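Asker: Residue numbers (the working numbering): 87 to 351.
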Ligand code: CO8
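#1: Give the secondary structure of residue 336 by DSSP, where H, G and I count as helix, E and B as strand, and everything else as coil.
#2: To which residues does DSSP link residue 105 through a beta bridge?
#3: Can you find the residues in the same chain that come closer than 6 angstroms, C-beta to C-beta, to residue 330, ignoring five residues on each side of it along the sequence?
#4: Skipping 5 residues on each side, what residues in its chain have a beta carbon closer than 7 angstroms to that of residue 128?
#5: Let me check understanding here. Comparing Cα to Cα, which of 147, 120, 150 and 146 lies closest to residue 164?
#6: For residue 89, collect the residues of the same chain with a Cβ closer than 7 angstroms to its Cβ; drop the 5 residues on either side in sequence, then sort them by chain order.
#7: What does residue 274 pair with, by DSSP beta-bridge criteria?
#8: Closer than 7 angstroms: is that where the CB of residue 162 sits relative to any heavy atom of ligand 1?
#9: Quick one: is residue 313 buried, meaning 16 or more other Cβ sit within 10 Å of its Cβ, or exposed?
#10: Can you check DSSP and say which residues form a bridge with residue 199?
#11: Heavy atom of ligand 1 less than 7 angstroms from the Cβ of residue 117, yes or no?
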């Protein structure tokens, strides 16, 4: 399935169960206007529909990337920024839809990742960056702060000093520093970037999908709640996973010394 929305390209690789959403406003460095926010949501929803008619889990992972040579996303569209269209017309933000999406979402970052673009990447489950990428919160230069929780999320990943440095100075940092600070999972050399991302996504998509979905929920719960409540939540998820065919398959494969084949059942 390859589909084209106004500002987003959607593709699905049946063999691996991997969807790709390409933010497609390269002339504006994929800046987020209302249409792009809505199209990211629509693209994710159309990928999720793959699961509705599947026997098990069809969609194992989603890659979110930016079109063109220069940017993942240069933040909110400054032209339409203060207008009501900047937020898109959907009831939920694309940040929330990514965070709540059942399959893991991987931000594939090759170039500028700024402002709302960095917040979009922070909403994803993983951030993989090429070595020439740059990161920053330029909002302070416009007299505002990252409006979608950017400071909060950077603070959780990299601590308050880094969060405040990024947001108060508005400067860009290199991919190497973003990696050192824990803001991105991996930084790859430019000539290895495509292959490395592909390997990462293929391996993730081959993991037991119901377990992966449960781990995503558990990690989200850890951000929102105390340890005791979080551990109780994990116990429930664990009990549910013990009943799955995937768990039986994983245990059988271990006993038979072979690779498991998980179907998400
Ligand atoms: N919005 C609209 N257009 C943009 C944006 C943007 N954010 N960024 C770049 N562009 C456009 C440029 O205007 C230019 O267009 P044109 O060719 O028609 O002149 C084109 O993209 C290429 O840009 P440059 O020529 O500037 O390319 P450079 O390589 O020289 O510079 C930079 C690239 C450094 C990325 C530079 O373009 C820049 O600083 N861009 C602005 C970055 C920025 O300030 N982003 C907005 C941050 S604010 C934000 O994201 C708020 C989020 C709050 C979310 C709240 C949700 C509720």
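Glycine included, each C-beta is placed from N, C-alpha and C at the ideal position.
On a predicted model such as this, the values are computed, not experimentally measured, just so you know.
Answerer: Let's see:
#1: For this step, residue 336 is matched to residue 250 along the chain shown. Here residue 336 sits in helix by DSSP.
#2: Working through the chain shown from its first residue, we reach residue 105 at position 19. According to DSSP, residue 105 bridges with 98 and 148.
#3: As a first step, residue 330 must be located in the chain shown, where it is residue number 244. Once the five neighbours on either side are set aside, the close Cβ partners of residue 330 are 296.
#4: Within the chain shown, residue 128 is the residue found at index 42, counting from 1. Counting only Cβ-Cβ distances below 7 angstroms, and skipping sequence neighbours, we find 91.
#5: Against the chain shown, residue 164 aligns to sequence position 78. Restricting attention to 147, 120, 150 and 146, the CA atom closest to the CA of residue 164 is found in 120.
#6: Working through the chain shown from its first residue, we reach residue 89 at position 3. Non-local beta-carbon contacts of residue 89 in its own chain, meaning distances under 7 angstroms to residues more than five positions away in sequence, involve 96 and 132 in chain order.
#7: Numbered from 1 along the chain shown, position 188 holds the residue referred to as residue 274. Note: residue 274 sits in a beta bridge opposite 216.
#8: Here the question's residue 162 lines up with position 76 in the chain shown. With a cut-off of 7 angstroms, the C-beta of residue 162 is classified as near ligand 1, since at least one heavy atom of the ligand falls inside that distance.
#9: On the chain shown, position 227 is the one that residue 313 refers to. Exposed.
#10: What you label residue 199 is simply residue 113 of the chain shown in a count that begins at 1. Answer is 159 and 221, bridged to residue 199.
#11: Stepping through the chain shown from its first residue, residue 117 is reached at position 31. Relative to ligand 1, the nearest heavy atom lies less than 7 angstroms away from the CB of residue 117.
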